[in-house]
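>
Right, dumping it as structure tokens:
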């Protein structure tokens, strides 16, 4: 009964925060307006094309994650994590910085319903859990290998993490025990749960996507998503569960029907390997980031271009806001810039 009350309280909190954000100042309010059609999307970003840059106060923030209600943005950086809390106008209210990692943090992921709980995976052979309300303490989970990726199950009970030795592990967050370790025979890259939490989609190095049931990590299906010579690097499942998208080293993003497991379309406008892809909250838009000097925002139904977001150099990661048409991304500085630091930006504000 207590768990049910906590879940109801969390849901109520998310709804209240979503309402607060959607009624925020003119610089961001139109970013919450509903997009119905492809043309709506094009028109929206013609009017909402402003970019704001944020100082995360940590070196090399190469991965980002929004919390469940969109009030905070986390970044994984060199030996640290950073979390910005925004006010209603998306100005920085507070910054949390967490130290303890000994090497680069390769991925961060906020809990799906707890707006304060953050997971981080690092090549220092640890996965860490941060409650950003507690600045001086965090939970360290030692692992056998260098970690690259981490993802929460939709229910928040399980945490999946992958390492450089091509193992996929499942952690039970209730007792902080690793309950399953699956050693795979191929390079394990990014992975994502479907909204039901029953399946985990894993991007593999041989151009394949493996689908596992969870939490037992039982293999269910293998898809040859891209040519065998191309590594599937990044993967995202749409919030409505209808589609998933796969970004590969062949510079193509393939868009799949998650029920029929057939490829619906390919987005091939990039010249360099993809690094990150993200579905918008309404599942209608896909952002594709790579070494190209732009982020391609496409219509999920057919891969058609909605907007080309120009950037100064390569982009390491991107993530849509959980309720608004705002895209966070981390990109390198331009070659002629005096500032050599990676910047975290948010795109989608009004002019």
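Residue numbers (the numbering used here): 2 to 352.
Every residue, glycine too, gets a C-beta built ideally from N, C-alpha and C.
Pull the bridge partners of residue 210 from the DSSP assignment, please.
DSSP lists 204 and 224 as partners of residue 210.
> What number of angstroms, rounded off, separates the C-alpha of residue 178 from the C-alpha of residue 295?
Their backbone Cα atoms lie some 41 Å apart in a straight line.
> Where does residue 252 sit, in a helix, a strand or coil, going by DSSP?
Here residue 252 sits in coil by DSSP.
> How big is the Cα-Cα spacing for residue 215 and residue 314?
Straight-line Cα distance between these residues: approximately 38 Å.
> By the 10 Å Cβ neighbour count, where 16 or more other Cβ atoms means buried, how is residue 156 classified, buried or exposed?
Under this definition residue 156 is an exposed residue.
> Can you tell which of 290, 256 and 282 has its C-alpha closest to the C-alpha of residue 305?
With distances taken between Cα atoms, residue 305 lies closest to 256.
> Mapping DSSP to helix, strand and coil, what is residue 293?
Residue 293 falls in the coil class under three-state DSSP.
> Taking buried to mean at least 16 other C-beta atoms within 10 Å of its own C-beta, is residue 166 buried or exposed?
Answer is exposed; the Cβ neighbour count stays below 16.
> Let's test the definition: count the other Cβ atoms within 10 Å of the Cβ of residue 172 and tell me whether it reaches 16, buried, or not, exposed.
Its Cβ being crowded by 16 or more others within 10 Å, residue 172 is buried.
> Between the alpha carbons of residue 273 and residue 290, how many angstroms are there, rounded?
In a straight line, the C-alpha of residue 273 is about 10 Å away from that of residue 290.
> In the structure shown, what three-state DSSP assignment does residue 132 receive?
Note: residue 132 maps to strand in three-state DSSP.
> Which value, in whole angstroms, describes the spacing of the CA atoms of residue 343 and residue 331?
Rounded to whole angstroms, residue 343 to residue 331 spans 7 Å at the Cα level.
> Pairs of beta-carbons, one from the stretch 124-139 and one from the stretch 95-106, closer than 8 Å: are there three or more?
Yes, they touch.
> Round the Cβ separation of residue 81 and residue 97 to the nearest angstrom and send it over; I've been treating them as touching at under 8 Å.
That belief does not hold up - the Cβ atoms of residue 81 and residue 97 are roughly 10 Å apart, past 8 Å.
> For residue 48, does the three-state DSSP call read helix, strand or coil?
In this structure, residue 48 counts as helix in the three-state DSSP scheme.
> Looking at residue 345 and residue 110, is the spacing between their C-beta atoms short of 8 Å?
No, these two residues do not count as a Cβ contact at 8 Å.
> Name the residue from 326, 322 and 328 whose alpha carbon lies nearest to the alpha carbon of residue 113.
If we check each option's Cα against that of residue 113, 322 comes out closest.
> Between residue 160 and the rest of its own chain, which residues show a CB-CB distance below 7 Å, the 5 nearest in sequence each way excluded?
Answer for residue 160: 120, 151, 153, 172 and 174, listed in chain order.
> If you count every other CB in all the chains shown that lies within 10 Å of the CB of residue 136, and 16 or more means buried, which is it?
Label assigned to residue 136: exposed.
> For residue 248 and residue 259, which I take to be in contact (beta-carbon distance under 8 Å), what is that distance rounded to the nearest angstrom?
Between residue 259 and residue 248 the Cβ distance is about 16 Å, and since that is not below 8 Å, they are no contact.
> Do residue 51 and residue 350 count as a contact pair if the criterion is CB distance below 8 Å?
Contact flag set, yes.
> Go ahead and pull the three-state DSSP assignment for residue 91.
It is coil, neither helix nor strand.
> For residue 170 and residue 232, I'd like the C-alpha separation in whole angstroms.
Distance between the alpha carbons of residue 170 and residue 232: 21 Å.
> Return the first residue and the last residue of the beta strand (DSSP E) that residue 173 is part of.
168-173 is the span of the beta strand (DSSP E), which, as asked, contains residue 173.
> Run through DSSP, which three-state label would residue 105 get?
Of the three classes helix, strand and coil, the one that applies to residue 105 here is strand, per DSSP.
> Taking just the CA atoms, how far does residue 115 sit from residue 87?
Those two C-alpha atoms are separated by around 17 Å.
> Compare the C-alpha of residue 64 against each of 117, 220, 311 and 278 and name the closest.
Of 117, 220, 311 and 278, the residue nearest in Cα terms is 278.
> Can you give me the start and stop residues for the beta strand (DSSP E) that residue 311 sits inside?
Segment 306-311, the beta strand (DSSP E) holding residue 311.
> Leaving out the 5 sequence neighbours to the left and right, which residues in its chain are closer than 7 Å to residue 139 when beta-carbon positions are compared?
Excluding sequence neighbours, residue 139 sits near 99, 101, 129, 130 and 131.
> Could you pull the start and end residues of the beta strand (DSSP E) that residue 156 belongs to?
Per DSSP, residue 156 belongs to no beta strand (DSSP E) and is neither H nor E.
> Quick one: give me the first and last residue of the beta strand (DSSP E) that residue 180 is part of.
178-184 is the span of the beta strand (DSSP E), which, as asked, contains residue 180.
> So what's residue 1 in DSSP terms, helix, strand or just coil?
Not covered by the structure: residue 1. The range shown for the chain is 2 to 352.
> Return yes when the Cβ of residue 207 is within less than 8 Å of the Cβ of residue 193, no when it is not.
No, Cβ-Cβ distance for residue 193 and residue 207 is not below 8 Å.
> Specify, as a first and last residue, the run of the beta strand (DSSP E) that residue 349 falls within.
Where residue 349 is concerned, the enclosing beta strand (DSSP E) stretches over 344-350.
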